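There are 2 protein chains.
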Amino acid sequence: MRNQGPEMEIVHLLRAVTVELGLRSARFASHNGMHPTDVRALIELMDASRAGEEMTAGRLGAALGLNSAGTTSLLDRLEGAGHVRRVRGRQDRRKVVVEVDERAVELGWSFFGPLIGKAVELLQNCDEREREAIRGFLEGMREASAGGE
Amino acid sequence: MRNQGPEMEIVHLLRAVTVELGLRSARFASHNGMHPTDVRALIELMDASRAGEEMTAGRLGAALGLNSAGTTSLLDRLEGAGHVRRVRGRQDRRKVVVEVDERAVELGWSFFGPLIGKAVELLQNCDEREREAIRGFLEGMREASAGGE
DNA sequence: TCGAATATCTCGCTCAGCGAGATAATACGG
DNA sequence: CCGTATTATCTCGCTGAGCGAGATATTCGA
Numbered sequence: 001m002r003n004q005g006p007e008m009e010i011v012h013l014l015r016a017v018t019v020e021l022g023l024r025s026a027r028f029a030s031h032n033g034m035h036p037t038d039v040r041a042l043i044e045l046m047d048a049s050r051a052g053e054e055m056t057a058g059r060l061g062a063a064l065g066l067n068s069a070g071t072t073s074l075l076d077r078l079e080g081a082g083h084v085r086r087v088r089g090r091q092d093r094r095k096v097v098v099e100v101d102e103r104a105v106e107l108g109w110s111f112f113g114p115l116i117g118k119a120v121e122l123l124q125n126c127d128e129r130e131r132e133a134i135r136g137f138l139e140g141m142r143e144a145s146a147g148g149e
Numbered sequence: 150m151r152n153q154g155p156e157m158e159i160v161h162l163l164r165a166v167t168v169e170l171g172l173r174s175a176r177f178a179s180h181n182g183m184h185p186t187d188v189r190a191l192i193e194l195m196d197a198s199r200a201g202e203e204m205t206a207g208r209l210g211a212a213l214g215l216n217s218a219g220t221t222s223l224l225d226r227l228e229g230a231g232h233v234r235r236v237r238g239r240q241d242r243r244k245v246v247v248e249v250d251e252r253a254v255e256l257g258w259s260f261f262g263p264l265i266g267k268a269v270e271l272l273q274n275c276d277e278r279e280r281e282a283i284r285g286f287l288e289g290m291r292e293a294s295a296g297g298e
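Line by line, the protein sequences are chains A and B. Sequential numbering of the first sequence, starting at 1, is according to our numbering. Sequential numbering of the second sequence, starting at 150, is according to our numbering.
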């Protein structure tokens, strides 16, 4: 193996976390008659709403790596299930602003709530320096994985 | 919003990392004529090989959340592309042991290598206590997300 | 030795997502 | 203002990943 320092355990741990989160998300999806992409869309929508930003059809599709046709059918699915509403943009009426239904937000929280609670609990048992180390590591990994190519 | 302590920034950061890793994995997949599931399968296979365990068709399918039919077609795909070989189990000849081709391992490293390098670099700039904090946080999140329901 | 259990495969089907192109609204040079 | 380029979304037809049902082959237990 290329590297076998004590760092590798943490690297594999991070990968394991992403795998487990993905599987849990898939289980939640099929349990609620949704597809993995629908759950990812809901996450993006809740995140945008939390940041106070409008989410358009195009931005959502780009965030999920879908083309426009796939985005349309995703929105058809979500709208048909009553999770979102399509609203024409006010200034630019070509755009479709996607609004999340309150019950879909509740559904999302029933899924993420316990995980978030556990995370907050773990972080509250850290002192400031430890929290900063965790934050720095995650921030670094996000930048490394977001990068181009 | 339900909670707005300083912990939430880290929670969202963790989610952002998993999203970015997923997108990067999808880009890598399409860039190599593969599907996201194929990449996930390769990860599982390399992980098992690293742990010195044999990976059978059934175990692989279970790890990915596929049924037996989907697993068979996944293996057909991977075998057709030359990434894996099917080998009948020696003691139990119902089983199919999946062996990864060396070139597929190289392909995997070309994708994960830079990310792993960045992670190791970040971790080497930490002292022992900070590393332990990161390890503990990820371990806790893995346990929380792995749990049943 | 025989039936139950287990591992994988085959067959037919559904539907997520793609490519190509239509439609509609906006931006902008002349 | 007009015509053209650009942008945002949608429609249509299609491919193929993954599912359910059931077939096949191997092993285990009474």
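Built from N, CA and C at the ideal position, the CB exists for glycine as well. Here the structure is a predicted model, which means the values were calculated and not measured.
- The stretch 46-111 of chain A is shown to contain whole alpha helix (DSSP H) runs of 4 or more residues at 57-64 and 68-80, in chain order.
- Counting every other CB atom within 10 Å of its CB across the protein chains shown gives A/D38 a total of 16 or more, marking it as buried.
- Put simply, the stretch 282-290 of chain B touches the stretch 115-130 of chain A. At least three CB pairs are less than 8 Å apart.
- Cβ neighbours of B/S174 within its own chain (closer than 7 Å, five residues either side excluded): P185 and V188.
- For A/G22, the enclosing alpha helix (DSSP H) begins and ends at E7 to H31.
- Nearest C-alpha to B/R235 among B/A206, B/A200, B/H180 and B/S179: B/A206.
- Residues of the same chain with their beta carbon placed closer than 6 Å to that of B/M290 are lacking, with the five preceding and five following residues left out of the count.
- Contact annotation for B/K267 against chain A: G140, M141 and A144 [CB-CB distance below 8 Å, chain order].
- Per DSSP, B/M290 is one residue of the alpha helix (DSSP H) stretching across E277 to A295.
- Three or more beta-carbon pairs drawn from the stretch 153-170 of chain B and the stretch 117-125 of chain A are found closer than 8 Å, and the two stretches are therefore classed as touching.
- Taking 9 Å as the CB threshold, B/V160 lines the interface with chain A.
- Cβ atoms of B/L209 and B/E193 come within 8 Å of each other, at about 6 Å.
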